[in-house]
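Throughout, the working numbering is defined as the position within the sequence shown, counted from one, plus 61. Note that the Cβ used here is the ideal one computed from N, Cα and C, for glycine as well. Remember, it's a predicted structure, so these values are computed and weren't measured experimentally.
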Amino acid sequence: MGKKNGTSNGMEHENGKLQTGEIIVGDSSEVLKSFPDETFQVCVTSPPYWGLRDYGIERQIGAESNLDDYINNLVMVFREVRRTLRDDGTLWLNIGDSYTSGGRTWRQIDKKNKARGMDYRAPTPDGLKPKDLIGVPWRLAFALQADGWYLRTEIVWNKPNGLPESVKDRPSRMHEYVFLLTKSERYFYNYEAMREVAANGKKRAGRSVWNINTEPNKEAHFATFPTALVGKCLDAGAKPGCRVLDPFFGSGTVGLVCEIFRLNYTGIELKSEYIEIAMNRLSHARGIIKIPTKHEQRTALFADF
Ligand SMILES: C[S@@+](CC[C@H](N)C(=O)[O-])C[C@H]1O[C@@H](n2cnc3c(N)ncnc32)[C@H](O)[C@@H]1O
């Protein structure tokens, strides 16, 4: 097994073309501008949730003190995602909710999860009260719809192994949303691949509640996608040999699943420390390309497998 050329990890698609994976360091709203229209078939992503984590880096999304700024920043990123998505492409957007701070202006450092400690908490948005659920996912979904996206469905990601929250005046929340958004009225959706086996053994149409356990990731200091969740999105949205985008790549779970599915992928991540984690996860078995700054320099890092 020798080194393959610098733009590929050497695995072949069904159509004989080589599979490629790339990770780009930078701010996704900027990096995406360098891609031509209609580059990607599918985008699967999980942006930073609002007010939950401080990634400690300039241009990070999620640490805005104003909720509207956070929503607007994401709308701008996803506007570029829409432009670079093929006309029949799909966006699978996982986003979690949070509560108003109830007047607290800081959050205790979580010893097990250092990134969880913020040195501030965002002020309560206008019109909300202490202890209100903010409804971030739907606010974002409506903002994206107003910006031109087709909002096709919300999927409830139920976490059967979710840890109980330390609250006694409401049920512990065990779910998040994944929104299916599209660029056009008609788009590619693999209905057959999404069909499920019902209790009576018969096949039925895929449903909008997905029961998927969270998966631990010791290296990452933030919530990572379960591979099974990404797999379902790609089952529905990917065509053989297509290119998949994750503009908030984190530890690279989307890349990992693309490696398994033999799909091309592009990941964008602001924090180089997390890119190292992604590289570790991806490069053990396969080769990937790292692009340090906006396509300037392409370095084949691993091609032996
Ligand atoms: C919730 S994590 C994504 C986790 C990922 N789905 C995984 O499985 O590892 C969100 C990521 O977005 C990154 N991020 C924040 N602002 C960004 C920006 N402006 N451009 C690119 N990445 C950004 C953070 O550094 C973080 O790694």
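CB GLU257 to CB ARG265, shorter than 8 Å? yes
Whole angstroms is fine: what's the gap from PHE240's alpha carbon to LEU212's? Looking at the two C-alpha atoms, the distance is approximately 7 Å.
Is DSSP giving TRP271 helix, strand or coil here? strand
Which residues in the same chain as LEU194 place their Cβ atom closer than 7 Å to its Cβ, once the five residues preceding and following it in sequence are excluded? ASP158, TYR160
Using three-state DSSP, classify GLY178 as helix, strand or coil. Annotation note: pLDDT 48 at GLY178 (below 50); position unreliable, coordinate value reported separately. Three-state result, GLY178: coil.
What separation, rounded to the nearest whole angstrom, lies between the Cα atoms of GLY209 and ASP148? The straight-line gap separating the alpha-carbon atoms of GLY209 and ASP148 is approximately 13 Å.
Quick one: what does DSSP say ARG231 is sitting in, helix, strand or coil? coil
Roughly how many angstroms lie between the CA atoms of LEU242 and LEU201, to the nearest whole one? 12 Å
Rounding to the nearest angstrom, what Cα-Cα distance links ARG140 and GLU91 in this structure? 12 Å
Looking at the secondary structure, which residues open and close the alpha helix (DSSP H) in which ASN20 lies? What the structure shows of the chain is the stretch from 62 to 366, and residue 20 is not part of that stretch, so it cannot be assessed.
Let's see if you can read the secondary structure: which residues bound the alpha helix (DSSP H) around CYS294? 288 to 298
DSSP state of CYS450, grouped into three classes? The structure shown does not extend to residue 450, since the chain spans only 62 to 366, so no value can be given for it.
Inspect the CB distances between the region 327 to 340 and the region 295 to 312 and report whether three or more fall short of 8 Å. Between the region 327 to 340 and the region 295 to 312 there are three or more inter-stretch CB-CB distances shorter than 8 Å, so the stretches are counted as touching.
GLY150 and ARG96 - do their beta-carbons sit closer together than 8 Å? With the sequence shown as reference, residue 96 is identified as Phe, and Arg is not the correct amino acid for it. No; because the gap between Cβ atoms is not below 8 Å, this pair is not in contact.
By the DSSP assignment, the beta strand (DSSP E) with ILE336 in it spans what residues? Here ILE336 belongs to no beta strand (DSSP E); instead the alpha helix (DSSP H) covers 333 to 344.
Helix, strand or coil: which one does DSSP assign to LYS244? Here DSSP, grouped into helix, strand and coil, assigns LYS244 to coil.
Assigned secondary structure, ARG46 (DSSP; H/G/I helix, E/B strand, else coil): Since the first residue of the chain shown is 62 and the last is 366, residue 46 is not available in this structure.
Considering only C-alpha positions, which residue in the set VAL197, THR288, LEU324, THR145 is nearest to GLY112? VAL197
Whole angstroms is fine: what's the gap from ASN133's alpha carbon to PRO109's? Here the alpha carbon of ASN133 sits roughly 14 Å from the alpha carbon of PRO109.
For ILE118, which option in GLY87, VAL136, MET235 has the closest C-alpha, if you only look at C-alpha atoms? GLY87
Report the option in LYS279, TRP271, PHE283, THR285 whose CA atom is closest to the CA atom of CYS294. Comparing Cα-Cα distances from CYS294 to each of LYS279, TRP271, PHE283, THR285, the minimum goes to TRP271.
Considering only their Cβ atoms, is the gap separating SER89 from PRO308 smaller than 8 Å? Yes; because the gap between Cβ atoms is below 8 Å, this pair is in contact.
Presumed contact (8 Å Cβ cut-off) between ARG304 and THR327, rounded CB distance: 6 Å
First and last residue of the uninterrupted alpha helix (DSSP H) at LEU306: Counting along the chain, LEU306 falls outside any alpha helix (DSSP H), though it belongs to the beta strand (DSSP E) covering 304 to 307.
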